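Q: Residue numbers (the working numbering), protein chains in the order written: chain F, 1 to 152; chain B, 153 to 312.
Got a structure here, written out as structure tokens. Questions coming.
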């Protein structure tokens, strides 16, 4: 299929719900081993009794970039089978995510945009926790391409 | 060229803590100390597994060859790993208490096994808002062909 055909096969308003993710010490360890981010924010209960400027946390927190990786997976799980190339992800972390919390990314295909040379998709991103509270928001872009950049 | 060895990484983020720039010492425009790293297929597969990326495009060469990608690529989010892999124990992004406030990344060329990735990292800005000390950083990752593979900007709240 051409990029144009792939572009025509997706619809504005499509909603993509990611896999729910529950935070545990094991998931934090696995993410640290993958990302090499061993900040004590994610491991050290005693350290987390401190105040951080005006912020205090109720125990260790999930890596912010774990959220980024989960949103990325939600996007690419949907995009790759449809021929889409992930181009951009912009995020804001609104609330810390703690042990035992379950978060779920939800991505909405807000706009399709044909430019002079490209076929673009614009997404809104929200991540909610188990109480329906918004913990992160963002925007993403993807493109349909006939050739993958840099391919040799 | 340094093959990235995940088992040879300093996981104690308190080590060299006194050598890292504090908010007062972060100078916008000053380059962070970085080193190039080469990503093997094994490192890419380990990263993918660790973040729950189970698309075989990231670890199954026979399958990946049949796709438009023509071979294994790394998950786009692998810059999360590269940021630590390419910096030193004295880098301020390791400072205990560094809180991520948000990130913007754009992806240009997929990273593939055997690629040697170079990082250019700097602070763009620092500011104080609601009594919190923020730094804005910008990272550019380039492959051995001189192609920019991805670029990113983020905000962290710096430890007091």
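Yeah, the Cβ is synthetic: ideal placement off N, Cα and C, and Gly gets one too.
Being a predicted model, the structure only gives us computed values, none of them experimental.
What residues of chain F sit near residue 291 of chain B, judged by a beta carbon separation below 7 Å?
A: Start at 1 with the first residue of the second chain, and residue 291 of chain B comes out as number 139. Those do not exist, as residue 291 of chain B stays about 13 Å from chain F at its closest Cβ, beyond 7 Å.
Q: Tell me, to the nearest whole angstrom, how far the beta carbon of residue 210 of chain B is from that of residue 262 of chain B; I am working on the premise that it is less than 8 Å.
A: Mapped onto the second chain, residue 210 of chain B falls at position 58. Mapped onto the second chain, residue 262 of chain B falls at position 110. About 10 Å separates the two Cβ atoms, so there is no contact after all.
Q: Between F:148, F:94, F:119, F:58, which has its C-alpha nearest residue 309 of chain B's C-alpha?
A: Counted from its first residue, the second chain places residue 309 of chain B at position 157. Nearest option by C-alpha distance: F:94.
Q: Check for me: the alpha helix (DSSP H) holding residue 216 of chain B runs from which residue to which?
A: What you label residue 216 of chain B is simply residue 64 of the second chain in a count that begins at 1. Residue 216 of chain B -> alpha helix (DSSP H) spans 213 to 217.
Q: Could you please tell me which residues of the stretch 279 to 311 of chain B, in chain order, have their CB closer than 8 Å to any CB of chain F?
A: 282, 283, 284, 285, 295, 297, 299, 301, 309, 311
Q: I need the DSSP call for residue 18 of chain F, collapsed to helix, strand or coil.
A: Mapped onto the first chain, residue 18 of chain F falls at position 18. Coil at residue 18 of chain F, not helix or strand.
Q: Excluding five sequence neighbours on each side, which residues of the same chain lie with their C-beta closer than 7 Å to the C-beta of residue 195 of chain B?
A: Within the second chain, numbered from 1, the residue matching residue 195 of chain B stands at position 43. For residue 195 of chain B, where only same-chain residues beyond five positions count, the Cβ hits under 7 Å are 156, 158.
Q: Candidates B:304, B:252, B:247: which alpha carbon is nearest residue 170 of chain B's?
A: By one-based count along the second chain, residue 170 of chain B stands at place 18. Residue B:247 is the option with its Cα nearest to residue 170 of chain B.
Q: Assuming residue 68 of chain F and residue 104 of chain F make a contact with CB atoms under 8 Å, what is their CB distance in whole Å?
A: Working through the first chain from its first residue, we reach residue 68 of chain F at position 68. Working through the first chain from its first residue, we reach residue 104 of chain F at position 104. The pair is not a contact, with the Cβ atoms about 15 Å apart (cut-off 8 Å).
Q: Less than 9 Å separating the beta-carbons of residue 84 of chain F and residue 29 of chain F?
A: The residue labelled residue 84 of chain F in the question sits at position 84 within the first chain. The residue labelled residue 29 of chain F in the question sits at position 29 within the first chain. No, Cβ-Cβ distance for residue 84 of chain F and residue 29 of chain F is not below 9 Å.
Q: Residue range of the alpha helix (DSSP H) that residue 143 of chain F falls in?
A: Here residue 143 of chain F corresponds to residue number 143 of the first chain, with the count starting at 1. Where residue 143 of chain F is concerned, there is no enclosing alpha helix (DSSP H), although the beta strand (DSSP E) it sits in stretches over 134 to 144.
Q: Residue 107 of chain F to residue 38 of chain F, Cα distance in whole Å?
A: Taking the first chain and counting its residues from 1, the one referred to as residue 107 of chain F is at position 107. Taking the first chain and counting its residues from 1, the one referred to as residue 38 of chain F is at position 38. Those two C-alpha atoms are separated by around 29 Å.
Q: For residue 247 of chain B, does the three-state DSSP call read helix, strand or coil?
A: Reading the second chain from its first residue, position 95 is the one you call residue 247 of chain B. Note: residue 247 of chain B maps to coil in three-state DSSP.
Q: Taking just the CA atoms, how far does residue 227 of chain B sit from residue 26 of chain F?
A: If you number the first chain from 1, residue 26 of chain F lands on position 26. If you number the second chain from 1, residue 227 of chain B lands on position 75. One C-alpha to the other measures close to 21 Å.
Q: Against chain B, does residue 119 of chain F count as a neighbour if the rule is that its beta carbon must be under 9 Å from one of theirs?
A: In the first chain, counting from the first residue as 1, residue 119 of chain F sits at position 119. Output row for residue 119 of chain F: interface = no.
Q: Do residue 259 of chain B and residue 82 of chain F count as a contact pair if the criterion is CB distance below 9 Å?
A: Sequence index remark: in the first chain, residue 82 of chain F carries index 82 (1-based). Sequence index remark: in the second chain, residue 259 of chain B carries index 107 (1-based). Their beta carbons are not under 9 Å apart, which means residue 82 of chain F does not touch residue 259 of chain B by this criterion.
Q: Name the residue from B:204, B:178, B:177 whose alpha carbon lies nearest to the alpha carbon of residue 35 of chain F.
A: One-based indexing of the first chain puts residue 35 of chain F at position 35. Of the candidates B:204, B:178, B:177, the one whose C-alpha sits nearest the C-alpha of residue 35 of chain F is B:204.
Q: If you measure from the beta carbon of residue 220 of chain B to each beta carbon in chain F, is any gap under 9 Å?
A: Residue 220 of chain B sits at position 68 when you count from the first residue of the second chain. For residue 220 of chain B, the answer is yes, since a Cβ of chain F falls inside 9 Å of its Cβ.
Q: Between residue 256 of chain B and residue 306 of chain B, what straight-line distance do the alpha-carbon atoms span, to the nearest angstrom?
A: The sequence position of residue 256 of chain B within the second chain is 104, counting from 1. The sequence position of residue 306 of chain B within the second chain is 154, counting from 1. Approximately 6 Å between the Cα atoms of the pair.
Q: Since residue 113 of chain F sits in a beta bridge, which residues does DSSP pair it with?
A: Position 113 of the first chain holds residue 113 of chain F. In DSSP, residue 113 of chain F forms a bridge with F:120.
Q: Count the other CB atoms, across all protein chains shown, that sit within 10 Å of the CB of residue 230 of chain B; report buried if there are 16 or more and exposed otherwise.
A: On the second chain, residue 230 of chain B is found 78 positions in, with the first residue counted as 1. Under the 10 Å beta carbon count, residue 230 of chain B is surrounded by 16 or more other beta carbons and is classified as buried.
Q: Please classify residue 46 of chain F as buried or exposed, where buried requires at least 16 other C-beta atoms within 10 Å of its C-beta.
A: Taking the first chain and counting its residues from 1, the one referred to as residue 46 of chain F is at position 46. When all chains shown are included, residue 46 of chain F counts as exposed.
Q: Whole angstroms are fine: how far does the CA of residue 113 of chain F sit from the CA of residue 149 of chain F?
A: For the purposes of this step, residue 149 of chain F is taken as residue 149 along the first chain, with counting starting at 1. For the purposes of this step, residue 113 of chain F is taken as residue 113 along the first chain, with counting starting at 1. Using only the alpha carbons, I get a separation of about 20 Å.
Q: Between the stretch 203 to 214 of chain B and chain F, which residues of the former have a C-beta closer than 8 Å to a C-beta of the latter?
A: Those residues of the stretch 203 to 214 of chain B that come within reach of chain F (Cβ to Cβ, closer than 8 Å) are 203, 204, 205, 207, 209.
Q: Using a beta-carbon distance below 9 Å, is residue 226 of chain B in contact with chain F?
A: Taking the second chain and counting its residues from 1, the one referred to as residue 226 of chain B is at position 74. No, residue 226 of chain B lies away from the interface with chain F (no Cβ there is under 9 Å from its Cβ).
Q: Check this for me: beta carbons of residue 312 of chain B and residue 285 of chain B, under 9 Å apart or not?
A: Counted from its first residue, the second chain places residue 312 of chain B at position 160. Counted from its first residue, the second chain places residue 285 of chain B at position 133. Cβ distance < 9 Å, so residue 312 of chain B and residue 285 of chain B count as in contact.
Q: Let me know if residue 264 of chain B comes out buried or exposed under the rule of 16 or more other beta-carbons within 10 Å of its beta-carbon.
A: Taking the first residue of the second chain as position 1, residue 264 of chain B is located at position 112. Buried, because 16 or more other Cβ atoms sit within 10 Å of the Cβ of residue 264 of chain B.
Q: Across which residues does DSSP place residue 51 of chain F in a beta bridge pair?
A: The count along the first chain starts at 1 and reaches residue 51 of chain F at position 51. The bridge partners DSSP lists for residue 51 of chain F are F:56.
Q: Scan the stretch 6 to 25 of chain F for residues whose Cβ lies nearer than 7 Å to a Cβ of chain B and list them as they occur along the chain.
A: none
Q: Over what stretch of residues does the beta strand (DSSP E) that includes residue 273 of chain B continue unbroken?
A: If you number the second chain from 1, residue 273 of chain B lands on position 121. Run containing residue 273 of chain B: 268 to 281, per the beta strand (DSSP E) assignment.
Q: I'd like to know if residue 124 of chain F contacts chain B, where contact means its C-beta is closer than 9 Å to some C-beta of that chain.
A: The residue labelled residue 124 of chain F in the question sits at position 124 within the first chain. Chain B contact via Cβ: absent.
Q: Do we get a CB-CB distance below 9 Å when we pair residue 54 of chain F with the residues of chain B?
A: Within the first chain, the letter at position 54 stands for residue 54 of chain F. For residue 54 of chain F, the answer is yes, since a Cβ of chain B falls inside 9 Å of its Cβ.
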